[in-house]
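Keeping their order, the protein sequence lines are chains X and F. Anchor point for the first sequence: position 162 equals 162 in our numbering, and the numbering is continuous, going up by one each time. Plus 1000 on top of the position in the second sequence (first one is 1) and you've got our numbering. Virtual Cβ for every residue (Gly too), placed ideally from N, Cα, C.
Number of protein chains: 2
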Amino acid sequence: MDTKSENRSFGGTQGVYTHASKTTGTDMTFALFLPEEAATGPVPLLWFLSGLTCTHENAMTKAGAQQWCAAQGLGLVFPDTSPRGEDVANDEAYDMGQGAGFYIDATQDPWSPHFRMETYITKDLTDLLAAEFPLDMDRQAITGHSMGGHGALTLAMKNPGRFRSVSAFSPICHPTASDWGRKQFTGYLGKDADWTGHDATLLMKDRGFEGPVLVDQGTDDQFYDLLNTGDFAAACAARRQDATVRLHKGYDHSYFFISTFMEEHVDFHAQALYA
Amino acid sequence: MDTKSENRSFGGTQGVYTHASKTTGTDMTFALFLPEEAATGPVPLLWFLSGLTCTHENAMTKAGAQQWCAAQGLGLVFPDTSPRGEDVANDEAYDMGQGAGFYIDATQDPWSPHFRMETYITKDLTDLLAAEFPLDMDRQAITGHSMGGHGALTLAMKNPGRFRSVSAFSPICHPTASDWGRKQFTGYLGKDADWTGHDATLLMKDRGFEGPVLVDQGTDDQFYDLLNTGDFAAACAARRQDATVRLHKGYDHSYFFISTFMEEHVDFHAQALYA
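Here it is in structure tokens:
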């Protein structure tokens, strides 16, 4: 693992690191915030999965999360959104290929050799974080934005016992019913594959989540009709899921929305992580 | 208007009053809490509409709302849930007739002479409160429980500009799709009447609400399947309504649930009323 940068931030350290991932077959970059408390012992870990076109950097610099994680004594990791490199397949579209890994393991050419973000997140990066940093891996929670909200909700439900709480900002809630989802699942998994295990609304209907769920969505989101928040809310109600879904008037899809409600998300996770 | 009782409460006064209603053709009883601030000028008004079998008294004694309305300087009125008396039609069932007015105006015999709770609330009681008490009627908000949650949501959407915010505890969200609704609408309005204007989910789809909406629902509610929270949440999402829907793990349909979240509802309304 190489340290690319470390900066003091809210009494803790904001670092950026690179490591070789066996799963993606590439070098991968991630950012990790550690609060002051990490100097004296392991701290709980919150994951933030980013959206289409993002790297590890967007949320690190624009979500305003460090101040609240510092206040709650939480570590916060920002993974990249896909493998990258000249030898890695790509697509001209912003929503396919590099920057658009969708937090699943591709099974179709040309994507399958490198696009295995689900295993990368849940195995490679998890193992590295546990080995290299003072993190209490028995206390993990997960959040994310848009494609990363899809990632957070689906990884939380796919891995029972792994995350104590899950939240999302403007998540892709029902990808099998959206152009943000069908296109990528067709490319990465194939049109005849079973997609149901990668769809938050279908996972909620099928199994739910053992902890609390929080979803925030702006009503002026320019991608509103791709996100299907109502389908997920209805699935939560049908499941009797411990869940809060909030529709915020006038907010859009940007980091200005995310940063506005970040404090409440961090507090939500802290309540579960310290319970 | 007759004063039945007045008790000091949280620095203000909890009163119970009776008046003759032209609309119901009966004497009607209601409870009104006025905070300390009402001694020196008009205060905003929050309505609490109660559920099946309740009178003005249940929420007054069990919801724990006075402390939070005192803290926020709000008046709080608890109307009765139906006309009452020996000359008023009734039904042996707990969910029909006296104690079950459903906040609509009946058009069918034997109910139509007295069961006109919609007009009673929005006209008779409103006019009386404005005339007799130091209330700022330009600042009104509304909440309620179960059948009263249905009442709050529907009256808020039926009367644009009247209420600045609306919330509900375990509301009947979709009465035209529930045994709590179809039975009563059949009796009060007739099976061939147009019920759509009295259904919160359908009103949300059709017109929405100009202010914020908050709905709380317990996942262990013994009447969960009669309430259709998911339908209302999906309608809010489809409408891009400023709305929060929360599903609270382990809570049931009782006043123990209501009192747990009352502070947040009063604060929610205070934010809208003082904006």
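query                                                                                                                                                                                                     : result
Using the DSSP secondary-structure output, state which residues sit across from Met-28(X) in a beta bridge.                                                                                               : His-19(X)
Is the Cβ of Asp-206(X) closer than 9 Å to any Cβ of chain F?                                                                                                                                             : no
Considering only the alpha carbon of each residue, which of Asp-221(X), Leu-135(X), Asp-138(X), Ala-168(X) lies closest to His-150(X)?                                                                    : Ala-168(X)
Does the stretch 1259-1269 of chain F come into contact with the stretch 260-272 of chain X, if we say contact requires no fewer than three beta-carbon pairs (one atom in each stretch) closer than 8 Å? : no
What alpha helix (DSSP H) runs, 4 residues minimum, are completely inside the stretch 221-250 of chain X?                                                                                                 : 224-227, 229-239
Is DSSP giving Gly-218(X) helix, strand or coil here?                                                                                                                                                     : strand
Quick check on this structure: which residue in His-1253(F), Val-1043(F), Ser-1021(F) has the alpha carbon closest to the alpha carbon of Asp-1136(F)?                                                    : Val-1043(F)
If you measure between the beta carbons of Leu-1074(F) and Leu-1045(F), is that distance less than 9 Å?                                                                                                   : yes
Could you give the residue range of the beta strand (DSSP E) that holds Asp-1002(F)?                                                                                                                      : 1002-1009
Quick one: is Asp-225(X) buried, meaning 16 or more other Cβ sit within 10 Å of its Cβ, or exposed?                                                                                                       : exposed
So is Arg-1008(F) buried or exposed if we call it buried at 16+ other beta carbons inside 10 Å?                                                                                                           : exposed
Kindly list, in the order they appear in chain F, the residues whose Cβ is closer than 8 Å to that of Ala-234(X).                                                                                         : Gly-1230, Asp-1231, Ala-1233, Ala-1234
So, with DSSP's three-state summary, where would you put Arg-1084(F)?                                                                                                                                     : coil
DSSP on Gly-1149(F), reduced to helix/strand/coil?                                                                                                                                                        : helix
Answer with buried or exposed for Phe-30(X), where buried requires no fewer than 16 other C-beta atoms within 10 angstroms of its C-beta.                                                                 : buried
May I ask you to report which of helix, strand or coil DSSP gives Leu-1189(F)?                                                                                                                            : helix
Which of the residues in the stretch 241-262 of chain X, read from start to end, lie with their CB under 9 Å from any CB of chain F?                                                                      : Gln-241, Asp-242, Ala-243, Thr-244, Val-245, Arg-246, Leu-247, His-248, Lys-249, Gly-250
Can you have a look at Glu-6(X) and say buried or exposed, based on whether 16 or more other CB atoms are within 10 angstroms of its CB?                                                                  : exposed
Could you list which residues in chain F have their beta carbon closer than 7 Å to that of Tyr-17(X), in chain order?                                                                                     : Neighbours of Tyr-17(X) on chain F: none; closest Cβ ~37 Å, over 7 Å.
Based on the DSSP secondary-structure assignment, which residues constitute the bridge partners of Ile-142(X)?                                                                                            : Trp-47(X), Val-166(X)
Near Thr-196(X), what residues of its chain come up, given a Cβ to Cβ distance below 6 Å and the 5 sequence neighbours on each side ignored?                                                              : Leu-202
Okay, do the stretch 75-86 of chain X and the stretch 55-66 of chain X touch, 3+ Cβ pairs below 8 Å being the bar?                                                                                        : yes
Using beta carbons (cut-off 9 Å, strictly below), is Pro-1212(F) in contact with chain X?                                                                                                                 : yes
Mind the definition here: the stretch 123-136 of chain X touches the stretch 176-193 of chain X only if three or more C-beta pairs lie below 8 Å; say whether that holds.                                 : no
Spell out a yes or no on whether the stretch 237-253 of chain X and the stretch 21-38 of chain X are touching, meaning 3 or more CB-CB pairs, one atom from each, closer than 8 Å.                        : no
What does Gln-14(X) pair with, by DSSP beta-bridge criteria?                                                                                                                                              : Asn-7(X), Phe-33(X)
So that I know if they touch, is there some Cβ in chain F lying closer than 9 Å to that of Asp-220(X)?                                                                                                    : yes
What in chain B is Cβ-close to Ala-238(X), meaning under 9 Å?                                                                                                                                             : Included in the structure are the protein chains X and F, with no chain B among them.
Can you give me the Cβ contacts of Asp-1095(F) inside the same chain, cut-off strictly under 6 Å, excluding the 5 residues immediately before and after it?                                               : Leu-1052
First and last residue of the alpha helix (DSSP H) that includes Phe-115(X)?                                                                                                                              : Per DSSP, Phe-115(X) belongs to no alpha helix (DSSP H) and is neither H nor E.
Got a sec: is the Cβ-Cβ distance from Tyr-224(X) to anything in chain F below 9 Å?                                                                                                                        : yes
Rounded C-beta distance between Gly-211(X) and Arg-164(X)? I'm assuming under 8 Å.                                                                                                                        : 5 Å
Thinking C-alpha only, which one of Asp-1220(F), Val-1215(F), Phe-1257(F) is nearest Ala-1243(F)?                                                                                                         : Val-1215(F)
Which same chain residues end up closer than 6 Å to Ala-20(X) when comparing Cβ atoms and leaving out the 5 residues on each side of it in sequence?                                                      : Asp-27
May I ask you to report which of helix, strand or coil DSSP gives Phe-1209(F)?                                                                                                                            : coil
Tyr-1103(F): which of Ala-1275(F), Thr-1229(F), Gly-1148(F) sits nearest, CA to CA?                                                                                                                       : Gly-1148(F)
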